[in-house]
Amino acid sequence: MSDFSGKVVFVTGATSGIGRAAAVALARAGARVVASARRREEGEETLELIRQAGGEGLFLSVDVGSDAQGSDAIRRTLSAYGRLDYAANCAGFDHNAGLLDYGEADYQRIFDVNVKGLFLCLKHEIESMAKTGGGAIVNIGSIAGQRPFAGNCLYAASKSAATMLTMTVALEA
Numbered sequence: 124m125s126d127f128s129g130k131v132v133f134v135t136g137a138t139s140g141i142g143r144a145a146a147v148a149l150a151r152a153g154a155r156v157v158a159s160a161r162r163r164e165e166g167e168e169t170l171e172l173i174r175q176a177g178g179e180g181l182f183l184s185v186d187v188g189s190d191a192q193g194s195d196a197i198r199r200t201l202s203a204y205g206r207l208d209y210a211a212n213c214a215g216f217d218h219n220a221g222l223l224d225y226g227e228a229d230y231q232r233i234f235d236v237n238v239k240g241l242f243l244c245l246k247h248e249i250e251s252m253a254k255t256g257g258g259a260i261v262n263i264g265s266i267a268g269q270r271p272f273a274g275n276c277l278y279a280a281s282k283s284a285a286t287m288l289t290m291t292v293a294l295e296a
């Protein structure tokens, strides 16, 4: 991994999986990591792993589907570190079921995190990076957004939307 010394990275979905691994790896590479996710207890565990890796950071409890919480998280990142250099948008939600087994609440939660949450994160990250000289963003996708698998039509549709959102924003930014 490259040297991220002195850089500030905002990581969503940092309480498990790819998000947690990214947060720890970035800390090990010298970044100051702002780990964000909904679950506070697991977030504090991630923060401890960041410190054990020799890193510095903070944990913010954030629901990426909330514009107010996302905006506040970026504001708190800038308040703590004065800048935002990179972001790793790893938050994701999946509930595997067949079409007839899903309800409206399942649809709403999957799309609130995987599409709306990504949209809101990108908006706030890009706005703050533009004010401090630019940066780079990595969005974590899924093969499910490119090829269908039985039993996860909503997740696949949300990840397909997230992929197109990422590609379109890359052309605009």
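Counted the way the working numbering counts, the sequence shown spans residues 124 to 296. Here a beta-carbon is modelled for each residue, glycine too, at the ideal position from N, C-alpha and C.
Two segments are said to touch when three or more pairs of C-beta atoms, one from each, lie closer than 8 angstroms; by this definition the segment 226-245 does not touch the segment 149-157. Boundaries of the beta strand (DSSP E) around Tyr-209: 209-212.
Assigned with DSSP and collapsed to three states, Asn-237 falls in helix.
The alpha carbon of Ala-285 has as its nearest neighbour, out of Thr-255, Asn-212, Gln-192 and Ser-202, the alpha carbon of Asn-212. Beta-bridge partners assigned by DSSP to Gly-180: Val-156. Ile-266 sits exposed, since fewer than 16 C-beta atoms from the chains shown fall within 10 Å of its C-beta. Note that the segment 173-191 touches the segment 139-149; at least 3 beta-carbon pairs, one per stretch, sit closer than 8 angstroms.
By the neighbour-count criterion, in which a residue is buried when 16 or more other Cβ atoms sit within 10 angstroms of its Cβ, Ser-125 is exposed. Just so you know, the alpha carbons of Gly-226 and Val-185 end up roughly 25 angstroms apart. Its chain contains Val-134, Ala-211 and Cys-213 as the residues whose beta carbon lies nearer than 7 angstroms to that of Ala-145, once the 5 sequence neighbours on both sides are disregarded; these appear in chain order.
Rounded to the nearest whole angstrom, the CA to CA distance from Tyr-209 to Lys-246 is 13 angstroms. Around the beta carbon of Phe-272, fewer than 16 other beta carbons lie within 10 angstroms, which makes this residue exposed.
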